[in-house]
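Engineer: Protein chains in written order, with numbering that gives the first Met the number 0: chain A, 0 to 132; chain B, 0 to 132; chain C, 0 to 132; chain D, 0 to 132.
Number of protein chains: 4
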Amino acid sequence: MGLHLVRATADEVSAELEVGPRHRQSYGIVHGGVYAGIVETVCSIAASLWARRHNQSVVGLDNNTSFLHAVREGKLSVTARPLMRGRRTQVWEATVTDATGRVVAQGKVRLLSLEAGSALAGEKVGIKKANSK
Amino acid sequence: MGLHLVRATADEVSAELEVGPRHRQSYGIVHGGVYAGIVETVCSIAASLWARRHNQSVVGLDNNTSFLHAVREGKLSVTARPLMRGRRTQVWEATVTDATGRVVAQGKVRLLSLEAGSALAGEKVGIKKANSK
Amino acid sequence: MGLHLVRATADEVSAELEVGPRHRQSYGIVHGGVYAGIVETVCSIAASLWARRHNQSVVGLDNNTSFLHAVREGKLSVTARPLMRGRRTQVWEATVTDATGRVVAQGKVRLLSLEAGSALAGEKVGIKKANSK
Amino acid sequence: MGLHLVRATADEVSAELEVGPRHRQSYGIVHGGVYAGIVETVCSIAASLWARRHNQSVVGLDNNTSFLHAVREGKLSVTARPLMRGRRTQVWEATVTDATGRVVAQGKVRLLSLEAGSALAGEKVGIKKANSK
Numbered sequence: 000m001g002l003h004l005v006r007a008t009a010d011e012v013s014a015e016l017e018v019g020p021r022h023r024q025s026y027g028i029v030h031g032g033v034y035a036g037i038v039e040t041v042c043s044i045a046a047s048l049w050a051r052r053h054n055q056s057v058v059g060l061d062n063n064t065s066f067l068h069a070v071r072e073g074k075l076s077v078t079a080r081p082l083m084r085g086r087r088t089q090v091w092e093a094t095v096t097d098a099t100g101r102v103v104a105q106g107k108v109r110l111l112s113l114e115a116g117s118a119l120a121g122e123k124v125g126i127k128k129a130n131s132k
Numbered sequence: 000m001g002l003h004l005v006r007a008t009a010d011e012v013s014a015e016l017e018v019g020p021r022h023r024q025s026y027g028i029v030h031g032g033v034y035a036g037i038v039e040t041v042c043s044i045a046a047s048l049w050a051r052r053h054n055q056s057v058v059g060l061d062n063n064t065s066f067l068h069a070v071r072e073g074k075l076s077v078t079a080r081p082l083m084r085g086r087r088t089q090v091w092e093a094t095v096t097d098a099t100g101r102v103v104a105q106g107k108v109r110l111l112s113l114e115a116g117s118a119l120a121g122e123k124v125g126i127k128k129a130n131s132k
Numbered sequence: 000m001g002l003h004l005v006r007a008t009a010d011e012v013s014a015e016l017e018v019g020p021r022h023r024q025s026y027g028i029v030h031g032g033v034y035a036g037i038v039e040t041v042c043s044i045a046a047s048l049w050a051r052r053h054n055q056s057v058v059g060l061d062n063n064t065s066f067l068h069a070v071r072e073g074k075l076s077v078t079a080r081p082l083m084r085g086r087r088t089q090v091w092e093a094t095v096t097d098a099t100g101r102v103v104a105q106g107k108v109r110l111l112s113l114e115a116g117s118a119l120a121g122e123k124v125g126i127k128k129a130n131s132k
Numbered sequence: 000m001g002l003h004l005v006r007a008t009a010d011e012v013s014a015e016l017e018v019g020p021r022h023r024q025s026y027g028i029v030h031g032g033v034y035a036g037i038v039e040t041v042c043s044i045a046a047s048l049w050a051r052r053h054n055q056s057v058v059g060l061d062n063n064t065s066f067l068h069a070v071r072e073g074k075l076s077v078t079a080r081p082l083m084r085g086r087r088t089q090v091w092e093a094t095v096t097d098a099t100g101r102v103v104a105q106g107k108v109r110l111l112s113l114e115a116g117s118a119l120a121g122e123k124v125g126i127k128k129a130n131s132k
C-alpha cells in the first residue's frame, strides 16, 4: 500500500502514505479500504509491541473505521493511540489526517491477546522479537 | 489487491481474491485490512449500482469488519447483500468465505447518497454510466 | 426496558418489546439506545448459553448497531444468531423487525470467553447454572 | 435510565448516571446496553444542538460502542465531543469514565442531517426550539 512507518512504540505508532492512483476509487477520492487498512496496520503494530512485553502476541478481532472527509491527493498521516491495553484484549484508536492536518478518517481496532504457543489457523503463534516488524 | 469481480448487480455483488504474500501480515495470516478492503469494495460497487437507478451516487461513511477465522492461503470469496437501500443512505453487509465455504470475516458498510452535481472534495459528483466500473 | 424473552437456546435467542413512551426520543421515534440495548441483551444471553457448555462465561467487548428504519409504535422483535462461536471469543448478530416484519435495525456483538474463576472487576466469575437467567 | 444532563452545547455534551441494580446484568457489572444507550443519548443531543444552527435536525445511523473495563458501582460520567460536524452527516465520539476517572467505555455515533420538513417514519420533521430538549 505504500505505507511508511514513522515511529513505533508500545504507546504510539505513526505512519505516512502518499496518495497515488492505486489508492483512489472511481470518483477520484481515496478508497475507504485504504483508511481501514492503514488503521488496521498501525493499531496491530502498536498492540503487538505492547503484547510482547508480556510474552503475548495479538490477533485482530474487529475494525471500525469512519470516513470523515474526502481526500484526493497529498500525504496522509495516521497515528494509533491506546484506548485500553489489557491482558486479554487491547483497543487502539487511529486518527488519519491529511496534509493540512485535518482529521479525515478515524478508526478503532480490538485485538485479542494470545499466549506464546497458542494455535492460530493451524500453527503455533511465536512471539515476535524486538527487531522484527 | 488482486480482487476479481464475479457478479455485480444492484441486488448482490460477488468477488474473489487468491491469497498471496502481499495479503499476509507477519504471522502469515491474511491481514485484517484485506478483509475490510474487500468488504468496502463490494459494498461500494453494489450501492453505486443501486444509486444509479435514482440518478444518485454514493460515498462511504463507515466500515465495520469483524475477523472470524484466521486464513493462511487459498481463495477468498466475498458477497455483498443489502440490509437497507434507501434514498438517503444504504447499508450493505458483506460475507467473506474461504475455499472450504467457512465464513471467515463479515463486514458492514454505510454509504451516503449524493444527488448528481453534489460537491465532494471540491469537485462535482457525476453519476457513473451503466458500463463504467 | 420491557423486553420479554420468547426463546433462548445456544443457537438462537428471540425477544419482544412493545414500544412505549419510554422508548422514544424527542421526535417520537424509538431511541437508538433501545435498539443497541436489546441487541446487546439477546446476543449476551445467547453467547452465555453457548459458553456454559464449555464451562465458560462471557463478557461483552463491542456492540455495533445500525438503525435502518424509524419506528414510532408497535411490537419490536429481535433475534440473535451466531456468526462465530469460538473458544476465545464469540460474535453474534441480532436483527430487529417491526410489527410488519420489516428489518428496522441490525447489530453485532463480540464477546470474550472467560474461564470459570477468572477475575472480572475484582470478583471471580461464576458459571451460570442452566436455570438462571 | 437515570441519566442526568450536566452540560449541553453544540461543542460538548456531558451527563452522569449513578449505577444501580437496573443497570447491571446477571454478573453484577454494568450492562453493555447501558453504555451504548448513554453514548447514543449524549451524541444525539450534541448533534441536534449543532444541526439546529443550520435549521436541520438529525437522526442516528450507527452506534459503535466498546466496553473497556467492567464496572460494578458508582457514578458514570459520559462526554460527547465532535469528530466531524458536516452539513450531510455528523460523527460524535463519547467517552465514559467511572468515579475514579478511568475510561470504561467509548462509543461513536454517526447521525444524518435532515432538512426541516423532511419526512421521517410518516411524519414531518420539525426543528427543535432552543429551549426544548
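All C-beta atoms, glycine included, are put in the ideal place defined by N, C-alpha and C.
Decide yes or no for the touch test of the region 43-57 of chain D against the region 44-64 of chain C: beta carbon pairs closer than 8 Å, at least 3 of them.
Structural biologist: Cβ pair count under 8 Å is below three, so no.
Engineer: L119 (chain B) by DSSP, collapsed to three states: which one?
Structural biologist: The residue labelled residue 119 (chain B) in the question sits at position 120 within the second sequence. Reduced to three states, the DSSP call for L119 (chain B) is strand.
Engineer: Under a CB-based cut-off of 9 Å, is L119 (chain C) close to chain B?
Structural biologist: Walking along the third sequence from the start, residue 119 (chain C) turns up at place 120. No, L119 (chain C) does not count as interfacial toward chain B.
Engineer: To the nearest whole angstrom, what separates the beta carbons of C42 (chain A) and A14 (chain A), a pair I think is in contact under 8 Å?
Structural biologist: In the first sequence, counting from the first residue as 1, residue 42 (chain A) sits at position 43. In the first sequence, counting from the first residue as 1, residue 14 (chain A) sits at position 15. That pair is no contact at about 11 Å.
Engineer: Kindly indicate which three-state DSSP category A69 (chain D) falls into: helix, strand or coil?
Structural biologist: As a first step, residue 69 (chain D) must be located in the fourth sequence, where it is residue number 70. Of the three classes helix, strand and coil, the one that applies to A69 (chain D) here is coil, per DSSP.
Engineer: Verify the CB distance criterion: does E92 (chain A) have a CB-CB separation below 9 Å to chain D?
Structural biologist: What you label residue 92 (chain A) is simply residue 93 of the first sequence in a count that begins at 1. Judged by the 9 Å Cβ criterion, E92 (chain A) is in contact with chain D.
Engineer: Kindly list, in the order they appear in chain C, the residues whose Cβ is closer than 7 Å to that of T88 (chain A).
Structural biologist: Your numbering for residue 88 (chain A) matches position 89 in the first sequence. By Cβ distance, chain C contributes L60, L111.
Engineer: Output the boundary residues of the alpha helix (DSSP H) element that contains A35 (chain C).
Structural biologist: Residue mapping note: residue 35 (chain C) aligns to position 36 of the third sequence, counting from 1. From DSSP, the alpha helix (DSSP H) with A35 (chain C) extends over 31-51.
Engineer: If we define contact as Cβ-Cβ less than 9 Å, is T40 (chain D) a contact residue for chain C?
Structural biologist: Here residue 40 (chain D) refers to the residue found at position 41 when the fourth sequence is read from its first residue. It does: the Cβ of T40 (chain D) has a partner Cβ on chain C nearer than 9 Å.
Engineer: Distance cutoff 9 Å, beta carbons only. Does S43 (chain A) sit that close to anything in chain D?
Structural biologist: On the first sequence, residue 43 (chain A) is found 44 positions in, with the first residue counted as 1. Cβ-Cβ to chain D under 9 Å: no for S43 (chain A).
Engineer: Let me make sure I understand the geometry here. Which of D:T8, D:A9, D:W91, D:R21 has the alpha-carbon closest to that of G1 (chain D)?
Structural biologist: Against the fourth sequence, residue 1 (chain D) aligns to sequence position 2. Ranking the options by Cα distance to G1 (chain D), first place goes to D:R21.
Engineer: Which runs of the beta strand (DSSP E) fall wholly inside the region 75-100 of chain B and span at least 3 residues, in chain order?
Structural biologist: Taking only runs of at least 3 residues, the beta strand (DSSP E) segments lying wholly in the region 75-100 of chain B are 88-96.
Engineer: Grab me the residues of V90 (chain D)'s own chain with a C-beta within less than 6 Å of its C-beta, minus the 5 sequence neighbours each way, in chain order.
Structural biologist: Position 91 of the fourth sequence holds residue 90 (chain D). Taken in chain order, the residues that qualify are L82, M83, R109.
Engineer: Return yes when the Cβ of V33 (chain D) is within less than 9 Å of the Cβ of L16 (chain D), no when it is not.
Structural biologist: Reading the fourth sequence from its first residue, position 17 is the one you call residue 16 (chain D). Reading the fourth sequence from its first residue, position 34 is the one you call residue 33 (chain D). In contact: L16 (chain D) and V33 (chain D) (Cβ atoms closer than 9 Å).
Engineer: Out of A:A98, A:Q105, A:G27, state which residue places its alpha-carbon closest to the alpha-carbon of N156 (chain A).
Structural biologist: Residue numbering for chain A in the displayed model covers 0 to 132; residue 156 (chain A) lies beyond these limits and cannot be assessed.
Engineer: Tell me whether the beta-carbon of L119 (chain C) lies closer than 9 Å to the beta-carbon of I37 (chain D).
Structural biologist: By one-based count along the third sequence, residue 119 (chain C) stands at place 120. By one-based count along the fourth sequence, residue 37 (chain D) stands at place 38. It is not a contact, given that the beta carbons lie outside the stated cut-off.
Engineer: Answer with yes or no whether the minimum CB distance from N54 (chain A) to chain B is below 9 Å.
Structural biologist: Stepping through the first sequence from its first residue, residue 54 (chain A) is reached at position 55. It does not: the Cβ of N54 (chain A) has no partner Cβ on chain B nearer than 9 Å.
Engineer: Determine the extent of the beta strand (DSSP E) in which R6 (chain D) is found, giving its start and end residues.
Structural biologist: Here the question's residue 6 (chain D) lines up with position 7 in the fourth sequence. 2-7 is the extent of the beta strand (DSSP E) around R6 (chain D).
Engineer: Measure from the alpha carbon of E114 (chain C) to the alpha carbon of each residue in C:S56, C:E72, C:S76, then state which is nearest.
Structural biologist: Position 115 of the third sequence, counted from the start, is the residue given in the question as residue 114 (chain C). Measuring from the Cα of E114 (chain C), the nearest candidate turns out to be C:S56.
Engineer: DSSP puts G106 (chain B) in a beta bridge; with which residues?
Structural biologist: Within the second sequence, the letter at position 107 stands for residue 106 (chain B). Beta-bridge pairing links G106 (chain B) to B:T64, B:A93.
Engineer: When the Cα atoms are used, what is the spatial distance from R23 (chain A) to V5 (chain D)?
Structural biologist: Working through the first sequence from its first residue, we reach residue 23 (chain A) at position 24. Working through the fourth sequence from its first residue, we reach residue 5 (chain D) at position 6. If I take the Cα positions, the gap works out to 44 Å.
Engineer: Quick one: which chain D residues come within Cβ less than 9 Å of V102 (chain A)?
Structural biologist: Reading the first sequence from its first residue, position 103 is the one you call residue 102 (chain A). Simply L82, M83.
Engineer: Straight-line CA distance for G121 (chain A) to R86 (chain C)?
Structural biologist: Along the first sequence, one-based indexing puts residue 121 (chain A) at 122. Along the third sequence, one-based indexing puts residue 86 (chain C) at 87. Their backbone Cα atoms lie some 15 Å apart in a straight line.
Engineer: Starting from the C-beta of A144 (chain B), find all residues in its chain whose C-beta is less than 6 Å away, skip the five residues before and the five after it, and write them out in chain order.
Structural biologist: No information on residue 144 (chain B) is available, as it lies outside the stretch 0 to 132 that chain B covers here.
Engineer: Buried or exposed: G19 (chain C), going by 16 or more other Cβ atoms within 10 Å of its Cβ?
Structural biologist: Your numbering for residue 19 (chain C) matches position 20 in the third sequence. G19 (chain C) comes out exposed.
Engineer: On a Cα-Cα basis, can you pick out the residue from C:T88, C:T64, C:A98, C:G116 that is closest to G73 (chain C)?
Structural biologist: Position 74 of the third sequence, counted from the start, is the residue given in the question as residue 73 (chain C). Comparing Cα positions, the closest option is C:A98.
Engineer: Determine the closest residue to V70 (chain B) out of B:A45, B:V102, B:V124, B:S117, with distance taken between C-alpha atoms.
Structural biologist: For the purposes of this step, residue 70 (chain B) is identified with residue 71 of the second sequence, where counting begins at 1. For the residues B:A45, B:V102, B:V124, B:S117, the minimum Cα distance to V70 (chain B) belongs to B:V102.
Engineer: Taking DSSP's pairing of strands, which residues face S56 (chain B) in a bridge?
Structural biologist: Sequence index remark: in the second sequence, residue 56 (chain B) carries index 57 (1-based). The partner list for S56 (chain B) (beta bridge, DSSP) reads B:L113.
Engineer: At a Cβ threshold of 9 Å, is L137 (chain D) touching chain A?
Structural biologist: Residue 137 (chain D) is absent from the model: chain D starts at 0 and stops at 132.
Engineer: Name, please, each residue of chain D whose Cβ falls closer than 9 Å to the Cβ of H30 (chain C).
Structural biologist: Start at 1 with the first residue of the third sequence, and residue 30 (chain C) comes out as number 31. Those within 9 Å of H30 (chain C) in chain D are G36, E39, T40, S43, G59.
Engineer: Along the beta strand (DSSP E) that carries E133 (chain A), what are the first and last residues, could you check?
Structural biologist: Outside the displayed range of chain A (0 to 132) lies residue 133 (chain A), so it cannot be described from this structure.
Engineer: Measure the alpha-carbon distance for K123 (chain B) versus G31 (chain A) and round it to whole angstroms.
Structural biologist: Taking the first residue of the second sequence as 1, we reach residue 123 (chain B) at position 124. Taking the first residue of the first sequence as 1, we reach residue 31 (chain A) at position 32. About 19 Å.
Engineer: Answer yes or no: does any C-beta atom of chain A fall closer than 9 Å to that of R71 (chain B)?
Structural biologist: By 1-based counting over the second sequence, the position of residue 71 (chain B) is 72. True, the Cβ-Cβ gap to chain A drops below 9 Å.
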